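Working notes, structure below.
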Amino acid sequence: MLVIRNGLIHDAVNRDPYRADILISDGKILDIGLDLSEDAEIFDAQGKDIYPGFVDAHTHVGVAGTGIGFEGSDYNEMSDCLTPQLRAIDSVNPFDESFARARNAGVTSVATGPGSANVVGGTWAAFKTQGISADRMVIRDPIAMKCAFGENPKAVYRDKGNRARMSTAAHLREILFKTQQ
């Protein structure tokens, strides 16, 4: 058990920061209050600001192949502009150095997945930035379906029947209609 004491807490719930103890066990916050000793190790955070972990709600961490190149780049399937069958959980590399970079910057969880170039890219999942197994890092799967409008689908699929935003919208309407049927 660990108690963080004397830090200025910015908890994203209360408008003004405040001072209190934070009781932690097994990496999880058990309580926030006054005089929480519980025979725990005390960490004096005097002069420090304490914030909750940040959440990156749109990233390609773990699927972009940072530092690996083509072999690790799994966020765009270039064979078809409509790839709803793709799943983040199938391509996340827990050893992608971007997880460590995000974690070191205070990001504790991310929403990541396929499809920057695709009109429909596939399903995304939420992951913790700590761990060595995608199955154990996953918070929730799936969380979203990625759809892209604009320059990416036009640039990638311009020679494959998607030269304008009108085509992108038509592709999306078509797949949504088929899904509804």
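Numbering (my numbering), first residue to last: 9 to 189. We put the beta carbon where it would ideally sit given N, CA and C, even for glycine. Quantities reported herein were computed from a predicted structural model and do not represent experimental measurements.
Counting only unbroken stretches of 3 or more residues, the beta strand (DSSP E) elements lying wholly within the stretch 85-131 are 115-120, in sequence order.
Distance check between S81 and each of D98, M9 and A65 places D98 closest, using alpha-carbon atoms only. It is roughly 11 Å from the alpha-carbon of I140 to the alpha-carbon of E105. When the beta-carbon positions are compared, A172 and R148 stay at least 8 Å from each other. In this structure, G121 and K162 do not form a Cβ contact; the two beta carbons are roughly 21 Å apart against a cut-off of 8 Å. Judged by DSSP in its simplified three-state form, M174 adopts helix.
By the neighbour-count criterion, in which a residue is buried when 16 or more other Cβ atoms sit within 10 angstroms of its Cβ, M86 is exposed. By the criterion of a C-beta distance shorter than 7 Å, H179 is surrounded in its chain by C89, L90, V127 and N170, once the five residues flanking it on both sides are discounted.
Boundaries of the beta strand (DSSP E) around E49: E49 to D52. In chain order, G169 place their CB closer than 7 Å to the CB of S175, counting only its own chain and leaving out the 5 sequence neighbours on each side. Across the structure, G123 and G130 are spaced so that their CA atoms are roughly 6 Å apart. Non-local C-beta neighbours of S117 in its own chain, meaning closer than 8 Å and more than five positions away in sequence, comprise G61, V63, D64, A134, F135, K136, T137 and I147, ordered along the chain.
In its chain, beyond the 5 residues on either side, V11, D29 and L31 have a beta carbon closer than 6 Å to the beta carbon of L44. Sorting R181, D57, A113 and K36 by C-alpha distance to the C-alpha of I17 places D57 at the top. If you look at A163, you'll find it in the alpha helix (DSSP H) that goes E159 to Y165. F51 places its beta carbon 8 Å or farther from that of R27. Taking A53 as the centre and dropping the five residues before and after it, the same chain places the C-beta of I12, N14 and G15 closer than 6 Å to its C-beta, in chain order.
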